[in-house]
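Chemist: Take a look at the following structure, please.
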Amino acid sequence: MKAFQSDIADFAKLDAQVLGVSADSLETHHEFAAELDLSFPLLADDGTISARYGSGRVTYLIDRTAIIRMICEGMPDNASLAGEISKL
């Protein structure tokens, strides 16, 4: 999460939205976001998102038409991710 936050301005320049998703409670998300000084939204999943996309440390690059363009297990290299975003 900190890696995404450190490059959040670069993602914003590409008109990309960063979202964090987990089954943790809203309260836990607020605490976590404050602890890491995150400026992007964290979504509390009720199971709907994980049922569709799975769970774990996975990054999805989803275009404006809801097509998944890239899936990366673990933490992606942000420069490579930004390059993929710029191709859309």
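Going left to right, the sequence shown walks through residues 4 to 91 as our numbering numbers them.
C-beta: ideal position from N, C-alpha, C; glycine also.
This one's a predicted model, so the numbers in the text were calculated from it and none came from an experiment.
(1) Inspect the beta-carbon positions of Y63 and I52 and report whether they are closer than 7 Å.
(2) At the level of alpha carbons, what is the spacing between T68 and L39?
(3) Any idea what DSSP makes of G59, helix, strand or coil?
(4) Buried or exposed: which applies to L45, given that a residue is buried once 16 or more other Cβ atoms fall within 10 Å of its Cβ?
(5) Using C-beta distances below 7 Å, list every residue in its chain close to M4, excluding the 5 sequence neighbours before and after it, in chain order.
Modeler: The answer reads as follows:
(1) No.
(2) Rounded to the nearest angstrom, the two C-alpha atoms are 31 Å apart.
(3) Secondary structure of G59 (DSSP, three-state): coil.
(4) Classification for L45: buried.
(5) Excluding sequence positions up to five before and after M4, its CB lies within less than 7 Å of the CB of G23, L39 and L41, all in the same chain and listed in chain order.
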